[in-house]
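Residues 8 to 129 in this note's numbering are what the sequence shown spells out, letter by letter.
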Amino acid sequence: GPELFEDLAALLQLVKRRVGRTSEGADVASKQLRASMEDLDQAVRSLRKEFDETDELLRGCLQEELDPTDPMRFELPQEFQKAKAAFENTKMLLESAKAEYKQVQTHFVADKMPSEQFFLLW
8 GPELFEDLAA LLQLVKRRVG RTSEGADVAS KQLRASMEDL DQAVRSLRKE FDETDELLRG
68 CLQEELDPTD PMRFELPQEF QKAKAAFENT KMLLESAKAE YKQVQTHFVA DKMPSEQFFL
128 LW
């Protein structure tokens with residue numbers, strides 16, 4: 008039903024399509040993937056590592072003997088907690104998307120196909 012088209016809309020946004028002409032005048036269609044599941048997974052892992060390193064650095068700075076009235080002592084930990092919650096939400100969304108993608112792969116008997124190739128089928 009309509010859910011299929013809504014679900015496909017998100018997938019279709021990941022693929023950039025172009026129609027052009029060759030030097031001989033023939034029409035040519037090309038597709039380029041903007042991001043794959045593997046790319047997204049790698050990006051989230053990289054961001055997590057960077058976040059953890061920065062969080063550790065922040066904790067170290069806050070333990071130093073700084074001015075107790077410095078707004079950094081109050082604002083940054085709260086902002087980091089908000090960022091951590093947003094990051095965890097993003098991570099959960101990615102894990103959910105990966106699980107749903109796995110179901111789609113199984114449905115189309117494409118379990119071994121990388122997402123980059125699978126997305127370009129559409």
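A virtual CB, placed ideally from N, CA and C, is assigned to each residue, including glycine.
Note that the coordinates shown come from a computational prediction; the quantities given were computed from them, not determined experimentally.
Have a look at the DSSP bridge pairing and note the partners of residue i.
i	result
Asp34	Arg28
Gln39	Lys23
Output yes or no for whether 8 Å exceeds the beta carbon distance between residue i and residue j.
i	j	result
Phe87	Asp62	yes
Pro121	Glu45	yes
Arg24	Ala36	yes
Phe126	Val22	yes
Trp129	Leu19	yes
Asp48	Leu101	yes
Val26	Asp34	yes
Gln110	Asp118	no
With a threshold of 8 Å between beta carbons, is residue i in contact with chain B?
i	result
Asp48	The chain inventory of the structure shown lacks chain B, comprising one protein chain alone.
Since residue i is in the alpha helix (DSSP H), which residue starts that stretch and which ends it?
i	result
Leu127	122–127
Could you tell me which of the options sits nearest to residue i, measuring between CA atoms?
i	options	result
Leu54	Tyr108, Glu95, Thr113	Glu95
Asp59	Ala90, Glu123, Ala104, Met99	Ala90
Ala17	Ser30, Thr29, Ala42	Ala42
The ligand PLP and residue i: does the residue's C-beta get closer than 7 Å to at least one heavy atom of that ligand?
i	result
Leu11	The ligand PLP is not part of this structure, which contains no ligands at all.
Whole alpha helix (DSSP H) runs in the segment 69–118 with 4 or more residues, listed along the chain? 79–114
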